[in-house]
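For the sequence shown, the numbering used here assigns the number 139 to the initial residue and increments by one for each residue that follows. A short write-up of the structure that comes next.
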Amino acid sequence: MKWNELEVICRYPAEGEELRQLLLASFECFLVRELGDFVPVAEHPVCRTE
């Protein structure tokens, strides 16, 4: 699988850790759902819990 880069820009009046955590959690769920058929969750760097 070829690695790609994704840039996400949010224009939202709030800043800080709360917004960052919300976006990261949502994107991680998306990756697990979309990439799960190609890469086992334990092997994907985003989904590791180390």
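Where a beta carbon is used, it is the ideal one built from N, C-alpha and C, also for glycine. Remember, predicted model here, so these are calculated numbers, not experimental data.
- If you draw a straight line from the Cα of E172 to the Cα of S164, it comes to about 12 angstroms.
- V170 carries a helical assignment under DSSP once its states are collapsed to helix, strand and coil.
- In the three-state scheme derived from DSSP, where H, G and I count as helix and E and B as strand, L160 is classed as helix.
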